[in-house]
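**Student:** Quick note: to get my numbering, add 1290 to the position in the sequence shown (first position is 1). The beta-carbon is built from N, C-alpha and C at its ideal position, and this holds for glycine as well. Since we're looking at a predicted model, the values are computed, not measured.
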Amino acid sequence: MGSRCGASSEGRRHLQTVVASAKRMERLIEDLLAFSRLGRQPLSKQALRFGDLLRDVLDELQKAQAGPAGWKSSWGACRIARAMLLC
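(1) How many Å lie between residue 1307 and residue 1336 at the Cα?
(2) Considering only residues of the same chain and omitting the five flanking positions on each side of residue 1352, which have a CB-CB separation below 8 Å?
(3) Whose C-beta lies closer than 7 Å to the C-beta of residue 1371 among residues of the same chain, with five residues either side of it excluded?
(4) Going by DSSP in three states, residue 1329 sits in which element: helix, strand or coil?
(5) Excluding five sequence neighbours on each side, which residues of the same chain lie with their C-beta closer than 8 Å to the C-beta of residue 1329?
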């Protein structure tokens, strides 16, 4: 009986990991779809305040750090943002 309780607890932990991973994957897919739609929209040039932009990005990263995914869920977005800024 004791091993069944352990397996149940371990099973729940694995299930929580799967659910958290699925949520991260959903966010990634939504972000990629939104990013792909950008190429189909006309560019509108406007003044860009990099300080404000960087503050917004840092705020988003801090929110991501507070979540179950941690910083790992944000690094892909950072690479995309960095590539866009360096173009």
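**Tutor:** According to the data block:
(1) 42 Å
(2) none
(3) 1347
(4) The three-state reading of DSSP puts residue 1329 in coil, since its state is none of H, G, I, E or B.
(5) none
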